[in-house]
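Enquirer:
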Amino acid sequence: MKGTALITGATSGLGYEFVNMFAQDGFDLVVVARNQAKLEDIRSQYPHLNVTVITKDLSKPNAAKEVYEEVKAAGITINTLVNNAGFGLMGNFDDLDLHKQSEMIQLNITALTELTHYFLPDMKGNTTDSRILNVASTAAFQPGPMMAVYYATKAYVLSFSEALAEELAGTNVTVTTLCPGATKTNFASVAKVEKSKMFSGAMSSHEVAKQGYQAAMAGKRVVITGSGNKAGAYAAKFLPRSLAAKIAKYVAKEA
Ligand SMILES: NC(=O)c1ccc[n+]([C@@H]2O[C@H](COP(=O)([O-])OP(=O)(O)OC[C@H]3O[C@@H](n4cnc5c(N)ncnc54)[C@H](OP(=O)(O)O)[C@@H]3O)[C@@H](O)[C@H]2O)c1
């Protein structure tokens, strides 16, 4: 009995890979996203597991509370929380739609924070080891001109998650932050970054999710996928922030 993993953004990309990895390891699942048909597909793929579908737009206020209340009403105990749902947008900050950028903050930051807040007390009360896996990005390590809000949301996810990991040191709950670089999912078409230099050499979603899954299972704090991405994140620590921002602007341009 492995317990139950709640995965946001379960219908596509990294989230769908996580679904398959947790399912293959024998976890029951709570899958959350907007596309109900795809969520139901997931349920039908794993008839031997308890798969609970929650169709929710996490960019709406109170969505996280509603997810928590649905899970509690169903009598489900969560021992793994995967805050994966997120999106980005490419363009000059003032050209991009403000409402879409606010939804991005609500999804990438607020929903992730609130879901963690609601589920953490229950997870601390679990008699077994529990884990939180938050999906950030290599965008977390420097400012990102042309994707200014997205990069800032991921800096928040990394900082928040590392702080929480330290707060929870010595408890039964670990917090892992996954920092992927460009990865082959629907992210690039949603963000309109398919043609940018940063997406040449994108990694497979399976490989990236596998590294995140293994790191979470091992209770590691931060995992950066790919040797080039690791080197870039390391270099960003030592470069002046203004130079790191210039490099990020360069790789955002079309290849
Ligand atoms: N791919 C990359 O290059 C890359 C790099 C670094 C970090 N990341 C991060 O990885 C995470 C997963 O993204 P991905 O690459 O797998 O992209 P993806 O293929 O576009 O998947 C995004 C998932 O999030 C869900 N989602 C989007 N908006 C939502 C909303 N408002 N409410 C609930 N669910 C929502 C989508 O499902 P529905 O449409 O059904 O709602 C989908 O399941 C994100 O946090 C992203 O920032 C991606």
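Heads up: the sequence shown begins at 1 in the UniProt record's numbering, then just goes up one per residue.
Cβ atoms here follow ideal geometry from the backbone N, Cα and C, with glycine treated the same way.
1) For V67, which residues of its own chain have a beta-carbon under 7 Å away from its beta-carbon, when the five flanking residues on both sides are left out?
2) What does DSSP give as the partner residue(s) for M203 in the beta ladder?
3) Hey, A139 and K154 are a contact pair by Cβ (cut 8 Å); roughly how many whole angstroms apart?
4) Taking Cβ positions, are V175 and L158 nearer each other than 8 Å?
5) Please name the residue or residues paired with N83 in a DSSP beta bridge.
6) Quick one: give me the first and last residue of the beta strand (DSSP E) that V223 is part of.
7) Using DSSP with H/G/I as helix, E/B as strand and the rest coil, what is L98?
8) Can you look up D28 in the DSSP assignment and give me helix, strand or coil?
9) Can you confirm whether the segment 204 to 224 touches the segment 14 to 33 when touching is taken to mean that 3 or more C-beta pairs between the two stretches lie within less than 8 Å?
10) With distances taken from CA atoms, which of A63, V82, A182 and L133 is nearest G232?
11) Which residue's Cα is closest to the Cα of N35: F22, T8 and F27?
12) For P180, is the beta carbon positioned less than 7 Å from some heavy atom of ligand 1?
13) Which one of H117, S12, F27 and A63 has the shortest CA to CA distance from V190?
14) Between which two residues does the beta strand (DSSP E) carrying L115 extend?
15) In or out: D95 buried (at least 16 other Cβ within 10 Å) or exposed?
16) Along the chain, where does the beta strand (DSSP E) containing L243 start, and where does it finish?
17) Take G88 as the anchor and find which of V30, A148 and P240 has the nearest alpha-carbon.
18) Is the beta carbon of F160 closer than 8 Å to that of A236?
19) Going by alpha carbons, who is nearest to A209 out of T52, S137 and E167?
20) Between which two residues does the beta strand (DSSP E) harbouring I54 extend?
Expert: On the basis of the data shown:
1) V32, I54, K56 and L115
2) T183
3) That pair is a contact at about 4 Å.
4) Between V175 and L158, the CB-CB gap reaches or exceeds 8 Å.
5) N134
6) V222 to I224
7) helix
8) Per DSSP, reduced to three states, the secondary structure at D28 is strand.
9) yes
10) A182
11) T8
12) yes
13) Nearest option by C-alpha distance: S12.
14) No beta strand (DSSP E) holds L115; the alpha helix (DSSP H) holding it covers L112 to K124.
15) Of the other Cβ atoms in all chains shown, fewer than 16 fall within 10 Å of the Cβ of D95; this residue is therefore exposed.
16) Run containing L243: none in the beta strand (DSSP E); it sits in the alpha helix (DSSP H), R241 to A252.
17) A148
18) no
19) S137
20) V51 to T55 is the extent of the beta strand (DSSP E) around I54.
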